[in-house]
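Asks: Numbering (my numbering), first residue to last: 104 to 252. Even glycine gets a Cβ: it sits at the ideal position worked out from N, Cα and C. Sharing a structure with you now.
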Amino acid sequence: MFYTRFIYTTALTLTLAALPLSPANASKFLSGETCTFKTNSAIYAGGPPESVAITWNLKTGEVKSFRWDHSGVTWYSFDADKGRVESEPPHGYYHLISLGITTAGYDTTRYSLKGYISIDMNWPDATFAAIYEGTGTAWMAAKGLVTCK
Numbered sequence: 104m105f106y107t108r109f110i111y112t113t114a115l116t117l118t119l120a121a122l123p124l125s126p127a128n129a130s131k132f133l134s135g136e137t138c139t140f141k142t143n144s145a146i147y148a149g150g151p152p153e154s155v156a157i158t159w160n161l162k163t164g165e166v167k168s169f170r171w172d173h174s175g176v177t178w179y180s181f182d183a184d185k186g187r188v189e190s191e192p193p194h195g196y197y198h199l200i201s202l203g204i205t206t207a208g209y210d211t212t213r214y215s216l217k218g219y220i221s222i223d224m225n226w227p228d229a230t231f232a233a234i235y236e237g238t239g240t241a242w243m244a245a246k247g248l249v250t251c252k
C-alpha cells in the first residue's frame, strides 16, 4: 500500500509542478512536424537518473523513435508497433503515450510504457510520467524538454 501511495504521490507532485501551457500557447509552441521529449533525469522505480528520448510525428501521433538507457541496457522502439503519442483534447498540452519498446535479445517481444507527457507553462519544459507494463507497477517520471521542428 505504501509503495502504491508513493507512486501516485510522486506522479501527482510532478504533474502539479508542471502547470500546463494555456491552450493558445500550446498551439503556438507545438508546431512543426516532429516533436522530441528528452531528459537525462528519468527516475525508474526510485532508481538513479537515466536518459530517455521520445520522438513523434505531431500530426499523426506516430512514434518515430524511443531510447531509454536503463542500468547499462538500451531500450528502443519495437519496430512492428512503436506506439503513439496523441494530444488529449480539448487543450492539447497533455499527450497520452503508449510506447512499444524492446531491448537486445528480446527483439520479438513488445513491452510497453503508458502515461503522459505534459508541456509546462515554462516552455520548453515538460513532465513525463509512465507505467512500465512489463511489471504493471513500476513507474517512470522525469522533467525534461520538448522541442518541435
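For the segment 145-178, list the beta strand (DSSP E) runs that are entirely contained and at least 3 residues long, ordered along the chain.
Replies: Complete beta strand (DSSP E) runs here, min 3: 152-160 and 166-173.
Asks: In whole angstroms, give me the CA-to-CA distance for leucine 202 and glycine 149.
Replies: The count along the sequence shown starts at 1 and reaches residue 202 at position 99. The count along the sequence shown starts at 1 and reaches residue 149 at position 46. Distance between the alpha carbons of leucine 202 and glycine 149: 21 Å.
Asks: Closest by CA to alanine 232, which one among Gly239, Tyr219 and Asp223?
Replies: Reading the sequence shown from its first residue, position 129 is the one you call residue 232. Here the closest residue by C-alpha is Tyr219.
Asks: Once you ignore the five residues that flank serine 154 on each side, which residues in its own chain have a CB closer than 6 Å to its CB?
Replies: What you label residue 154 is simply residue 51 of the sequence shown in a count that begins at 1. The answer, listed in chain order, is Asn143 and Asp172.
Asks: Valine 188 and isoleucine 157 look like a contact to me (Cβ under 8 Å); what is the Cβ gap, rounded to whole Å?
Replies: Numbered from its first residue, the sequence shown carries residue 188 at position 85. Numbered from its first residue, the sequence shown carries residue 157 at position 54. With 8 Å as the limit, valine 188 and isoleucine 157 qualify as a contact, their Cβ atoms being about 7 Å apart.
Asks: Pop quiz: glycine 103 and valine 166 are said to be a contact at Cβ under 8 Å. What is the actual Cβ separation, rounded to whole angstroms?
Replies: A question about residue 103 goes unanswered here, because the residues of the chain that appear run from 104 up to 252.
Asks: Let me confirm a value: tyrosine 209 is counted as buried when at least 16 other C-beta atoms fall within 10 Å, else exposed. Which label applies?
Replies: Locating residue 209 in the sequence shown gives position 106, counting from the first residue. Tyrosine 209 should be labelled exposed.
Asks: Starting from the Cα of lysine 217, find the closest Cα among Asp228, Gly239, Asn225 and Thr206 and give me that residue.
Replies: On the sequence shown, residue 217 is found 114 positions in, with the first residue counted as 1. When each option's Cα is compared against that of lysine 217, the closest is Gly239.
Asks: Which one or two residues does DSSP pair with tyrosine 209 in a beta bridge?
Replies: Locating residue 209 in the sequence shown gives position 106, counting from the first residue. Paired residues: none, contrary to the question.
Asks: Tell me whether cysteine 138, by its Cβ, gets closer than 7 Å to a heavy atom of the ligand GTP.
Replies: Here there are no bound small molecules, and the ligand GTP is not part of this structure.
Asks: Assuming glutamate 136 and asparagine 160 are in contact, meaning their beta carbons sit under 8 Å apart, how far apart are those beta carbons, in whole angstroms?
Replies: Here the question's residue 136 lines up with position 33 in the sequence shown. Here the question's residue 160 lines up with position 57 in the sequence shown. Rounded, the Cβ-Cβ distance is 7 Å, consistent with contact.
Asks: Please name the residue or residues paired with lysine 217 in a DSSP beta bridge.
Replies: The residue given as residue 217 occupies position 114 in the sequence shown. Lysine 217 pairs with Ser201 and Ile234.
Asks: Going straight from the alpha carbon of serine 215 to that of phenylalanine 169, what length do you get?
Replies: The residue given as residue 215 occupies position 112 in the sequence shown. The residue given as residue 169 occupies position 66 in the sequence shown. The alpha-carbon atoms of serine 215 and phenylalanine 169 are separated by roughly 11 Å.
Asks: Check lysine 246 in the structure and name its three-state DSSP category.
Replies: As a working mapping, residue 246 is identified with position 143 in the sequence shown. It is a strand residue.
Asks: Check whether the Cβ atoms of tryptophan 178 and threonine 206 sit closer than 8 Å, and answer yes or no.
Replies: For the purposes of this step, residue 178 is taken as residue 75 along the sequence shown, with counting starting at 1. For the purposes of this step, residue 206 is taken as residue 103 along the sequence shown, with counting starting at 1. Cβ atoms of tryptophan 178 and threonine 206: closer than 8 Å.
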